[in-house]
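In the numbering used here, the protein residues as written are 2 to 489. Idealized CB from N, CA, C, for every residue including glycine. Take a look at the structure set out below.
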Ligand code: ADP
Ligand code: GLC
């Protein structure tokens with residue numbers, strides 16, 4: 002099967018969150034199942050073509066794309082994704098992609114991804130490459146299913162091509178002023194209240210994808226249900242309910258090449274469950290790296306996250322002091338984003354210099370150290386489509402403490418002393434009290450080494466590799482093709 006995979010971020014080239022991990026790992030897993038996969042993404046300024054061994058495609062240069070009144074041009078670079086045989090095409094348009102950040106709030110944010118979506122079709126046309134499925138991800142690629150039906154339907158190359166649209170986070174929808182319809186090259190005939198790409202008076206890329214894709218997926222089964230409710234649907238629930246039959250949840254996998262304590266080259270000491278005592282070396286190095294005193298018996302709580310409202314960090318704010326005063330915990334935090342959270346954690350480190358370590362910024366190596374060196378990992382998310390860090394934590398024997406929502410609910414099973422299934426701790430109420438009591442429960446168990454080990458073992462022995470999920474995507478592709486060939 003031939004798959005065109007289009008995304009706005011992809012490891013190892015560019016990453017702001019979990020979408021990049023998925024884009025870097027799912028295509029190689031699909032390749033392993035016999036698919037031919039081509040990945041498309043923008044060549045942002047931050048991507049160094051030499052470091053990533055990219056080749057300039059001299060045969061696809063200066064290709065024009067009309068965006069409203071402007072004719073923009075793009076070049077194309079080519080590479081192989083990591084060690085795999087998956088081909089990556091990077092769309093080079095300095096006018097749009099040479100900006101200080103991957104995403105912007107610039108006036109032309111819509112145009113930046115309109116260009117990507119047109120460019121993808123044009124590169125496929127150039128190579129006369131006819132994919133069976135175009136797999137789109139998040140709002141930045143939501144127009145692709147519309148383009149296939151409205152703008153590129155004249156081209157026989159795509160006559161049999163189906164589309165799958167994956168929602169990684171429905172809070173980011175790509176809503177723009179109605180004038181963007183024209184810049185996108187679409188007609189106003191289909192733009193009306195409640196229409197396929199109108200949402201709350203705006204032109205919405207995500208709604209377009211939801212309306213026109215053959216099949217829709219999201220990244221966990223619980224989130225697939227949650228987004229069809231008004232509470233967690235972010236205004237998209239109506240559109241999603243109307244496509245309920247075509248919507249599935251497929252849990253993300255994790256890349257065992259990147260995240261395995263037995264082989265991880267970024268952590269100080271490799272270990273397995275059989276040699277779990279070696280994890281202590283990582284704990285010691287971790288707290289020392291943060292300038293905190295080391296004591297084996299002190300529980301270390303780790304956090305690695307974007308500082309965004311989604312992540313529920315306000316639940317932690319009122320309980321940091323009580324956790325330290327009553328349980329003597331240490332907290333190591335890696336993250337960046339909203340200023341208020343950055344300030345809070347920086348101040349907490351100043352107030353509790355023996356107990357709180359904060360690193361503001363993005364640091365992949367440190368993320369690995371925190372997964373390897375912490376005893377527990379905290380994710381009190383308000384909502385969480387899938388979440389990857391809890392799966393990394395399970396694999397590293399770092400017991401996750403999560404709010405029971407979305408993918409966290411599907412992967413972390415609350416420990417209870419009367420049954421033996423739990424691999425972590427979870428709570429339902431979005432309240433500091435619920436988080437506090439859950440962390441307290443975890444700390445009590447942490448003191449009982451044998452029971453703690455059994456929770457760690459259950460997590461470490463789980464299989465979160467991409468194999469099963471990639472197979473489910475293949476089934477979804479087949480289903481999308483069936484729908485496409487059966488007529489819309
Ligand atoms: P989201 O995509 O909503 O941010 P996920 O849990 O799916 O949440 O994925 C987050 C990914 O980004 C993980 O791989 C995590 O380790 C990484 N990450 C988040 N913040 C940082 C940071 N400050 N430094 C390094 N890695 C980070
Ligand atoms: C989003 C979600 C996160 C998910 C990731 C990859 O960023 O917030 O929960 O794991 O996408 O699908």
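To the nearest angstrom, how far is the alpha carbon of residue 188 from that of residue 144? Straight-line Cα distance between these residues: approximately 13 angstroms.
According to DSSP, is residue 3 part of a helix, a strand, or is it coil? Of the three classes helix, strand and coil, the one that applies to residue 3 here is strand, per DSSP.
Nonlocal neighbours in the same chain, by C-beta distance under 7 angstroms from residue 470, ignoring five residues either side: The answer, listed in chain order, is 251, 252, 253, 254.
Please report the straight-line C-alpha distance between residue 457 and residue 421, rounded to a whole angstrom. When rounded, the distance between both Cα atoms is 12 angstroms.
Three-state secondary structure (DSSP) at residue 281? Here residue 281 carries a helix assignment [DSSP, helix/strand/coil].
6 angstroms Cβ shell around residue 356 - same chain, five flanking residues per side excluded: The residues 325, 331, in chain order, have a CB closer than 6 angstroms to that of residue 356 in the same chain once the five nearest residues on each side in sequence are set aside.
Could you check what DSSP says for residue 339 in three-state terms: helix, strand or coil? Residue 339: coil per DSSP, three-state reduction.
Top-ranked residue by Cα proximity to residue 373, from 120, 413, 424, 395: Residue 395 is the option with its Cα nearest to residue 373.
Looking at the secondary structure, which residues open and close the beta strand (DSSP E) in which residue 380 lies? Where residue 380 is concerned, the enclosing beta strand (DSSP E) starts and stops at 377-380.
Among 86, 283, 78, which residue has its Cα nearest to the Cα of residue 270? Out of 86, 283, 78, 283 has the C-alpha closest to the C-alpha of residue 270.
Can you list, in chain order, the stretches of the alpha helix (DSSP H) that have 4 or more residues and sit fully within the segment 157-206? Listed in chain order, they are 181-184.
Flag this pair as yes or no: are the beta carbons of residue 116 and residue 97 separated by less than 7 angstroms? Against a cut-off of 7 angstroms, the Cβ pair of residue 97 and residue 116 comes out as a contact.
Within 10 Å of its beta-carbon, does residue 180 have 16 or more other beta-carbons around it, so buried, or fewer, so exposed? Exposed: under 16 other Cβ atoms inside 10 Å.
How long is the line joining the alpha carbons of residue 77 and residue 399, rounded to whole angstroms? Their backbone Cα atoms lie some 42 angstroms apart in a straight line.
Can the beta-carbon of residue 141 be found less than 7 angstroms from the beta-carbon of residue 9? The Cβ-Cβ distance between residue 141 and residue 9 falls below 7 angstroms.
Starting from residue 32, trace the alpha helix (DSSP H) both ways and give me its first and last residue. Looking at the DSSP string, the run of the alpha helix (DSSP H) that includes residue 32 is 19-33.
CB of residue 253 to nearest heavy atom of the ligand GLC: below 6 angstroms? It does: the Cβ of residue 253 is within 6 angstroms (strictly closer) of some heavy atom of the ligand GLC.
Should residue 385 be listed as close to the ligand GLC, given that the test is whether its C-beta is under 6 angstroms from any heavy atom? Look at residue 385: its beta carbon is less than 6 angstroms from one of the heavy atoms in the ligand GLC.
Assumed close pair residue 462, residue 274 - CB separation to whole angstroms, cut-off 8 angstroms: That belief holds up - the Cβ atoms of residue 462 and residue 274 are roughly 7 angstroms apart, short of 8 angstroms.
For residue 119, does the count of other Cβ atoms within 10 angstroms reach 16, so buried, or fall short, so exposed? Label assigned to residue 119: buried.
Please state whether DSSP places residue 374 in a helix, a strand or coil. In the three-state scheme derived from DSSP, where H, G and I count as helix and E and B as strand, residue 374 is classed as helix.
Starting from residue 427, trace the beta strand (DSSP E) both ways and give me its first and last residue. Membership of residue 427 in the beta strand (DSSP E) is indicated by the continuous run 426-428.
Alpha carbon of residue 384 to alpha carbon of residue 431, nearest angstrom: Between the alpha carbons of residue 384 and residue 431 lies a distance of about 10 angstroms.
Could you give the DSSP three-state label for residue 247: helix, strand or coil? Taken through DSSP and simplified to helix, strand or coil, residue 247 comes out as helix.
Mapping DSSP to helix, strand and coil, what is residue 438? In the displayed model, residue 438 falls within a helix according to three-state DSSP.
For the alpha helix (DSSP H) containing residue 453, list its first residue and its last residue. Residues 450-461.
Just reading off the alpha helix (DSSP H) that residue 390 is part of, what are its end residues? Residues 390-396.
Under the criterion of a Cβ to heavy atom distance below 6 angstroms, does residue 7 qualify as lining the ligand GLC? No, the ligand GLC has no heavy atom inside 6 angstroms of this Cβ.
Going by the CB atoms, is the gap between residue 146 and residue 210 shorter than 7 angstroms? In this structure, residue 146 lies closer than 7 angstroms to residue 210 by Cβ.
Check residue 301 in the structure and name its three-state DSSP category. It is a strand residue.
According to DSSP, is residue 239 part of a helix, a strand, or is it coil? If DSSP states are grouped into helix, strand and coil, residue 239 belongs with the helices.
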